[in-house]
Amino acid sequence: MKLIQYILLAAVFTGLALACDKTGPEGGNTGTPDGCPVTYVRFPAQTIYSGDRIPVIGSGFSDRADFFLVNTVSGTSIEIADVTVTASGIEMTVDAVAGEYIFVIEQDGRWELGTITVEARPIDVTVGTFPQYCIPGESLTVTGMGFAESATLTLESPDGTRTSLRTEASESSLTAIIPDDSPKGRLKLIIVQDNGEQTVSSTFFVTTVKRLMTFRSTVGSGESTVVRELSFTRDGDGSVTGCSPFSLSVNQGSDGRTEYNFTASADNEEEGYYSFILKVDQGRNRVVSSTFELERTDPGSGQVTTVTEEFPWDYGNTGFLSWYDGRMSNELSAVDGNINIQEFDGSYRYVYDNNELINNPFGVDCTIGLIAGNSSDYILASALVLGATGQKSALLPSGIYASGTEADLVSYEYDGEGYVTKASYGESSSLPVVVEFIYE
Numbered sequence: 000m001k002l003i004q005y006i007l008l009a010a011v012f013t014g015l016a017l018a019c020d021k022t023g024p025e026g027g028n029t030g031t032p033d034g035c036p037v038t039y040v041r042f043p044a045q046t047i048y049s050g051d052r053i054p055v056i057g058s059g060f061s062d063r064a065d066f067f068l069v070n071t072v073s074g075t076s077i078e079i080a081d082v083t084v085t086a087s088g089i090e091m092t093v094d095a096v097a098g099e100y101i102f103v104i105e106q107d108g109r110w111e112l113g114t115i116t117v118e119a120r121p122i123d124v125t126v127g128t129f130p131q132y133c134i135p136g137e138s139l140t141v142t143g144m145g146f147a148e149s150a151t152l153t154l155e156s157p158d159g160t161r162t163s164l165r166t167e168a169s170e171s172s173l174t175a176i177i178p179d180d181s182p183k184g185r186l187k188l189i190i191v192q193d194n195g196e197q198t199v200s201s202t203f204f205v206t207t208v209k210r211l212m213t214f215r216s217t218v219g220s221g222e223s224t225v226v227r228e229l230s231f232t233r234d235g236d237g238s239v240t241g242c243s244p245f246s247l248s249v250n251q252g253s254d255g256r257t258e259y260n261f262t263a264s265a266d267n268e269e270e271g272y273y274s275f276i277l278k279v280d281q282g283r284n285r286v287v288s289s290t291f292e293l294e295r296t297d298p299g300s301g302q303v304t305t306v307t308e309e310f311p312w313d314y315g316n317t318g319f320l321s322w323y324d325g326r327m328s329n330e331l332s333a334v335d336g337n338i339n340i341q342e343f344d345g346s347y348r349y350v351y352d353n354n355e356l357i358n359n360p361f362g363v364d365c366t367i368g369l370i371a372g373n374s375s376d377y378i379l380a381s382a383l384v385l386g387a388t389g390q391k392s393a394l395l396p397s398g399i400y401a402s403g404t405e406a407d408l409v410s411y412e413y414d415g416e417g418y419v420t421k422a423s424y425g426e427s428s429s430l431p432v433v434v435e436f437i438y439e
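Numbering that gives the first Met the number 0 applies: residue 0 is where the sequence shown begins, and numbers increase by one.
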């Protein structure tokens, strides 16, 4: 079904080479490049619907000319076929999706006559629930009210390219299958209906499942730089089978829960323990407890003793991790669906004020990742990779307060499918932190 939209036409002219003069007869026709056959060009200022015939005032239009709209982002050229030359200029039908376009004619040369902006006409529907992501080959469903039988779901890439999905529609839901050849990454999810459209989400991900293989943190700069890394191996099902620099054994506990026993290698015994066990409830996909075997040295006798302690993990009423105990106590809380952390000395607090920083649901929870990177908290980082810390943050932090100072902005890098590959903050301080995430 042909999409009918409305367009806002504005004479936003940029003075490009070979651009014709934009003044009307009352202002004279000055500055027209030699050879430009069209003069006194003016567009209507009012908002109109695509599919309507609109007048473009001007002198010198030929009925043998060709007319185009060229998208300023993608460069895609749309030929305008329905054009009639009149005594005062031309009348034409514009059919284009939302975006900015250069109006071009080919008449004794190629001439850019100005820029027009196309805006989508909204539709009268109410959107309820919708997914944040989808994998090619799977279905997605948008719920709401007011959907027509002709409604379709459409994906739009950042360059404006659109992919229309085969959609099953009812008044309260729209369901479609993501094709195997769908574009991937961060896309717009749009409902097209009744000659108009509505954006459901501007941060919808089409992605494949990628599993984290390496977690690397770099703290400090110059001679004080400290780099720590966790590298994982996985079996064919994606389950973690190894974790360097630890040796890892996986056992089924007597209570039916899985125990991951991480034993430290000699080069990191200074971390204050030589092994820890994460007991995981696989059914609920969360850590139940951490067991630490701590080495303690008596300052007087030098005698080394080993103490084993087990700490439960608490998820509060929201299902987010709210408390655990490792080498230090940490208080975590869910704030508007985001994990916030308060360390024992009150040194870190996260700022969530940018709704565009939406984490790919398959990606690592970067909030916990930053803390793990900064404190070299192997326990929390390992639980993170096991996918066993409860729900993940809905957003990535935009800034971090450290010891009451103003917030350092956090910068991110992503791969083509929306996974966070690098997060950094404190670049201007003496201890900048960079956390890298390397996927399978």
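All residues carry an ideal CB built from backbone N, CA and C; glycine is no exception.
- Judged by DSSP secondary structure, leucine 164 falls outside any alpha helix (DSSP H); it is assigned neither H nor E.
- Under the three-pair Cβ rule at 8 Å, the stretch 358-372 counts as touching the stretch 200-216.
- Annotated as proximal: alanine 175 and leucine 164, with beta-carbon spacing under 7 Å.
- Listed as beta-bridge partners of proline 54 by DSSP are Glu90.
- For isoleucine 189, the closest of Glu222, Val218, Thr140 by C-alpha to C-alpha distance is Thr140.
- Under DSSP, lysine 278 shares a beta bridge with Glu258, Ser288.
- Leaving aside the five residues that flank serine 410 on each side, the residues in its chain whose CB is nearer than 6 Å to its CB run, in chain order, Ser423.
- Look at alanine 401 here: in three-state DSSP terms it is strand.
- DSSP, reduced to helix, strand and coil, places isoleucine 357 within a strand of the structure shown.
- 7 Å or more divides the Cβ of aspartate 158 from the Cβ of valine 103.
- Of Gly255, Glu309, Ala401, Leu186, the smallest CA-CA separation from threonine 202 is found for Leu186.
- A direct Cα-Cα distance of roughly 11 Å separates valine 37 from valine 55.
- Within the stretch 366-394, no run of beta strand (DSSP E) at least 3 residues long lies entirely inside it.
- Nearest neighbour of leucine 408 by Cα position, chosen from Asp364, Gln390, Asp352, turns out to be Asp352.
- Under the 10 Å beta carbon count, methionine 144 is surrounded by fewer than 16 other beta carbons and is classified as exposed.
- Serine 201: member of the beta strand (DSSP E) spanning 195-205, first to last residue.
- When the beta-carbon positions are compared, threonine 92 and arginine 52 come within less than 7 Å of each other.
- Shown here for proline 130: same chain residues with a beta carbon closer than 6 Å to its own, the five before and five after excluded, namely Leu139 in chain order.
- In this chain, the beta strand (DSSP E) harbouring valine 103 covers 98-105.
- Note on geometry: alpha-carbon atoms of alanine 401 and isoleucine 367 lie some 15 Å from one another.
- Between threonine 420 and glutamate 412, the gap from beta carbon to beta carbon is short of 7 Å.
- In terms of CA proximity to isoleucine 101, Glu111 leads the group Glu111, Asp94, Asp107.
- Glutamate 292 and leucine 385 have their C-alpha atoms spaced approximately 21 Å apart.
- Proximity to glutamine 106 across Val124, Gly34, Asp94, Arg41 peaks at Gly34, based on C-alpha coordinates.
- Within the same chain, Val350, Gly398, Ile399, Tyr400 come within 7 Å of alanine 406 by CB-CB distance, once the 5 residues on both sides are set aside.
- Sixteen is the threshold: when 16 or more other Cβ atoms of the shown chains lie within 10 Å of the Cβ of leucine 154, as they do, the residue is buried.
- Judged by DSSP in its simplified three-state form, glycine 425 adopts coil rather than helix or strand.
- When DSSP states are grouped into helix, strand and coil, glutamate 222 belongs to the helix group.
- Within the DSSP secondary-structure output, cysteine 35 pairs in no beta bridge.
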